[in-house]
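Some notes on the structure that comes next.
In the UniProt record's numbering, the protein residues as written are 1 to 1138.
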C-alpha cells in the first residue's frame, strides 16, 4: 500500500520480464506491478542507475578478460544481407574465440561506427566488396579516421571499381584495371582459371600463417606493392599466374591479354593477393583480393582428393593478426641509472657509466595475458642529441624474462640527450620509447685537482718559479764591480720649490727651450761608495735603509705556499688534493715518439651517425592543402624533340660533374712511394678519376679505346635506334666487403676509443664519426642519373617519334633494389620531366635468390657466389696493397697512438675518401695520400674487378650471356627461343613487359653486370696484355674500371643506317668513347667502329651457343687461388684442364 503525504500522489510502476530466444524472438514471462510515493521513487531511481553502472562495468571487465584480442572483442561486420550466411564458418570461428559480432548492411545507419569522435567497435570487417556506395561513416575518409582511433580493419576488394578500390592506393597498393581477376592455368584442374589454389611459400608471412597450411583457394584481384615499409605481404600470387582483362578458361587468354597492351597483364609472384598494413599507432589493416576466400564453400572445398583446403584456418590466422592476437608486443617500463646505482638520476654527468634497461612483454591470446618476452635478438638503443652519439645493442638479460639491458659510457659532450628504442619489423607491433635526460659537465668540485699525467706541466711551472727565485736572490746578493759605478744624474728640483739652498740656480742660456722648462740645479758631488759585507747590503746615502736578503725571500716564499695549501684545505678539504674517480676525467696517453701527454679520443668517435628525414609523422603535414596540381596550367603547346646527336656540329662531353658538387682536397701528401711500382711516364693526375668503380662517370677521351671517332654518327650515317645500358648513381657502401669496407674502420675506432689518440694529419679522427648509410643512392647519385636522363633526351629525343607513330610508349627496365629503382626514377624525371606518368612504363625485375634476372644474374648462378670462383680478385688486391701502401701505413701509424693500423685499414681509409666525397661533398681522408698512392688505389680496384667480374673471372661471361640473348631478341625482333641462362621466361616471353621493335631501350644494372656484358661481348681490346700483375702497374693497360664501370657508367649500342655501307650497322660507345668490335667474329676493322648488324647477331649467337650455363654456374669445377690459374676469356677451365 502507498502511504503518501499531503499533496502527494502514488505512482504505479510496472516491470515487464521477458526472455530472449534470438535477436528477433522475445518471449514475455510476467509483469510486476507496485506503487511508490514520489520520494521513494526517486530513491529507487538512483539505486537503479547505480546498479546499471555496476552491471555495465562488470560486463565490460568480463568481456575484456574473455577477449582473445589485446584491444577488445567487439566486431562490426558490414555485409550485404543476401550474402550474410555465406561466411558462417568464419563467423563461428570468431565467436568461438570470444568475439562479439554485430552485423550491418552497407547502407544502414545503425549501429554507428564512430560516435562523438570515439570508435564504437574494436574491429571492423567489410565484406561488401562490390558495394559502390557506403554511408558517411564508412567512406574511405571515415576508415582512415578509424585507423587513427586504433580500430583494426579487414577490407575486401573485388574486380569492380568501388570506394575501397580508390582507398587502396593510400596504402601503397596498386590495383589492376577493373575487370582483371587473377588467372592461372596451373595446376591443371576442372575449376575455372580464376579460382586458384595457392600454397603459402617461404616468401609469405610465415610468422602470421599456421605451419604446414594446406593450399588456399583464391578468387579475386592481385595487388602490386609499392615501396612502403608499413606493408606486410601475407600471401603472394603463384609465379605462373597473371591478371588479365580476358574472362574465360581458354589457354589463349595470356596471348589475348598481351595483345591488348597497356596494363592488361600483371604477372608473377611479385604480386600479392592478401596484404597487411600496420600503421605507426599499431592499428592493422588486411586487404583481401577477394572475399570469396572466406566463404563456407571454399572453406569446405577440397584442393586434392581427401585434403580439405586451408581457407578456414587461413581466415582465422589473418583475423588473429589483424585483431592483434598474434605478434603483439608492448613496452612495460624502462629504467636508466648509473652503474652501481638503482634509482634514475635527474641529471647525468659526462663520462658517467650508465645502465639502460627496457622490459617487453608479448600478448598471449590463449590466456589473454601479457607475458615477458625475450625473443628479440636485434634490439638497439640510441643515445642521441640531434644525432645518435651512441648506438649499441640491447641484448636480453639471461635469467630475467622480458628484460633487455646494456651499459655504456655517456659521451664527453653535455646537452639534452634521449634514450631511444625504435624497433620496427614487418608483422610485429612497433616498439618505440624515448626518454629525455640532461647530460651536464662536472661540478666545480668534480674536476680532479691534480692530474698524474700533467706532471710535465706542474714541473714546468715549479721550475719557472724556482728559477725566478734563484735569479732574484743572486741578483740581490751579487757584488758591485769596481769601476762600473755610474755617475748619478744631476738632481732637478721642482720649479715651485724655489732655489736650491746649497747653491744658486743654474740656467742654460744657450737654449730658449730649456729656459721655458724647469730650472736645473748645479751638478751634485758623486755618491759615496757602497759598503759591502757578507750577506747584507748597506747604502750610506742620505736616505739609507736596509734591503731584504736571501733568507727573507726564502721564508716569504715558503710561507706563501703554506698559506695557499691551508686556504685550499679550508675550502674543499682533501678533495682538493685527490680529485674524482678516473671515470670522471678524460683518459690520457703518452705519445710513442714524443715526450708529451694528450687526451684520448671521446667515446662516440667512429660511431655511426644517422639523420632521419623526413620525420615519421610530421605534425604540419596536410597533403590535402598542398595538391600537386591545382589546374590553371596556362599554355601547354609542345615543340619538336631535340636531336643533338644528329644536328649539332659537335658532341657534348661530360667532365664528371665534379667541379660544382664535389670538392677536391685542399692539400695532398707530397711524399711519394716506391717509384718502381709504376713504370712509364706519369699522366696528368685527376683524383676523381682515380677511384675505380667509385669514380663519377666522365666522357672518356676520343680514341682512348682504339677508335679515333666521336660518338656522333659519321656524315653519311644516321642513328635509327639505341639500346642504352647504365649503372646506378653514386651510393653508400654495400653491406658486404670481402676486402676493405668503410664500416669496418669506424667499428675499429669505436670499439676502444679509450686506448688511442690521433695527431697531425689524422687529428680529425679524434672527432670523426661514420656518417655513411648502406647501399642507398646519395644526393649526388640522384643528380647523376637526373643529368644522364636529360643528356639522353637532348641527344636522342627524336627517337620517340617512332613510339608516337606506333601509338605505344617505351618500356624501361630496372630491378627492385632501392638504389636501382631510385636511379631509374631519377633518370625518368630527367628524360621525361615531371610528371612522367603516362609517358613510359617502368619494368621492375626482382633481385632476390630464386628469381631469374639478367640485370642481376648472380642471384641464380651458385658458382658466382662461391668466393673461390666469383671473388678471386681479393687475392690480388690484398697482395698489391701490401706493396703500394707500405710507406703510407708507416707514415700514418706515427700519427695514430695506441692503435695498430693494418694495410687493410689504410686501404679502407682510401675507400672512405670517395664514399664520403660522393655522399657528403668532401672528405678529409683524401688529404692523407700521395698521387702515386691514389694511382695504386685505382689499380687495386682494377685488379678486384678484372679477376672478380671481367676477363680474368671464370664466371664473368656466363653471367653476361643472358643480356646478350635479350639483345639478340631485340635486334632480330624474335623472342628468345630457349631460356637456358638468367633470362626470365615469364617477362621476356611477354611482348608487354619485354617489347620487341622499339627504337629506344633503357636498362639499369650494376657495375659488375656491365663488366660481365663487356666480357660476354668479347671486346678483346680491353683484355690486351693478358692477366694484370699484382707486382706493378702496367702503364699501357687498356682495362681501367674508372673508364668502364664508374658510378652512372653508360653504354650506347647505336643502330645506324649509312648511305655508303650496306645494311644496318651497330657500334658500341662506352662513356662517350667508341670501342672497336674487332674481337667479335666477322666484324671488320672499321674507322668509326661499326659492324653490320647481321654479322654482329651471328657472332653473338655463336657465343651464346658456346656458353654452358649448367656447367659454368652449377658445375663442380674448382680453380686454385692466385696466379696458379688465370684466364682472359672470362670462362672457367674445361673439364680435365686442371
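We treat Cβ as the ideally placed atom computed from N, Cα and C, and that holds for glycine.
In three-state DSSP terms, what is residue 622?
coil
Do residue 1091 and residue 1065 come within 8 angstroms of each other at the CB atom, strictly closer than that value?
yes
Could you tell me whether the region 983-991 touches the region 782-796, where touching means 3 or more Cβ pairs closer than 8 angstroms?
no
Measuring straight from C-alpha to C-alpha, what distance separates residue 890 and residue 744?
20 angstroms
Tell me which residue opens and which closes the beta strand (DSSP E) that residue 385 is part of.
380-385
Among 84, 794 and 121, whose alpha-carbon lies nearest the alpha-carbon of residue 99?
121
Beta-bridge partners of residue 837, as assigned by DSSP
840
Would you mind working out which of 624, 715 and 614 sits nearest residue 645, comparing C-alpha positions?
715
Using CA coordinates, which residue listed in 452, 216, 334 and 382 is at the minimum distance from residue 304?
216
When the Cα of residue 1002 is compared with those of 967, 1135 and 292, which residue comes out closest?
967
Should residue 277 be labelled buried (16 or more other beta-carbon atoms within 10 Å of its own) or exposed?
buried
Does the Cβ-Cβ distance between residue 757 and residue 897 come in under 8 angstroms?
yes
Taking the alpha carbon of residue 185 as the reference point, which residue from 198, 976 and 176 has its own alpha carbon closest?
198
Candidates 996, 604, 913 and 817, of which the one nearest residue 928 by Cα
913
For residue 343, which residues in the same chain have their Cβ closer than 8 angstroms to its Cβ, ignoring the five residues on either side in sequence?
337
Compare the C-alpha of residue 882 against each of 93, 1080, 293 and 739 and name the closest.
739
Top-ranked residue by Cα proximity to residue 235, from 220, 1033 and 227:
220
Name the two residues that bound the continuous beta strand (DSSP E) containing residue 1139.
No answer is possible for residue 1139: it lies beyond the span of the chain, which begins at 1 and ends at 1138.
From the DSSP output, in three-state form, read off residue 333 for me.
strand
I need the straight-line Cα distance from residue 987 to residue 663, nearest angstrom please.
43 angstroms
Under 8 angstroms between the Cβ atoms of residue 711 and residue 1069?
yes
Between 561, 380 and 1047, which has its C-alpha nearest residue 690's C-alpha?
1047
DSSP puts residue 103 in a beta bridge; with which residues?
77
Helix, strand or coil: which one does DSSP assign to residue 457?
helix
Let me confirm a value: residue 321 is counted as buried when at least 16 other C-beta atoms fall within 10 Å, else exposed. Which label applies?
buried
So, residue 214 versus residue 308, is the Cβ gap smaller than 8 angstroms?
yes
Assuming residue 420 contacts residue 434 under a Cβ cut-off of 8 angstroms, what Cβ separation, rounded to an integer in Å, is found between them?
5 angstroms
Based on Cα-Cα distance, which residue from 906, 376, 407 and 453 lies nearest to residue 430?
376
Buried or exposed: which applies to residue 525, given that a residue is buried once 16 or more other Cβ atoms fall within 10 Å of its Cβ?
Bear in mind that the predicted position of residue 525 carries a pLDDT of just 47, short of 50, making it unreliable; the figure below should be weighed with that in mind. The residue is exposed, with fewer than 16 neighbouring Cβ atoms inside 10 Å.
Between the Cα of residue 870 and the Cα atoms of 269, 370, 1130 and 1137, which residue gives the shortest distance?
1130
Check the DSSP bridge columns for residue 1073 and list the partner residues they point to.
1070
Using a Cβ-Cβ cut-off of 6 angstroms (strictly less than) and excluding sequence neighbours within five positions of residue 1043, which residues of its own chain qualify?
700
Leaving aside the five residues before and after residue 160 along the sequence, list all residues of the same chain whose C-beta is less than 7 angstroms from its C-beta, in chain order.
130 and 178
Counting only beta-carbon atoms, is residue 285 nearer than 8 angstroms to chain B?
Protein chain content of the structure displayed is limited to a single chain, and chain B is not contained in it.
Considering residue 1004, what are the terminal residues of the alpha helix (DSSP H) in which it resides?
From DSSP, residue 1004 is part of no alpha helix (DSSP H) but of the beta strand (DSSP E) over 1000-1005.
For residue 365, which residues from the same chain have a beta carbon less than 6 angstroms from its beta carbon, with the 5 sequence-adjacent residues on both sides left out?
68 and 325
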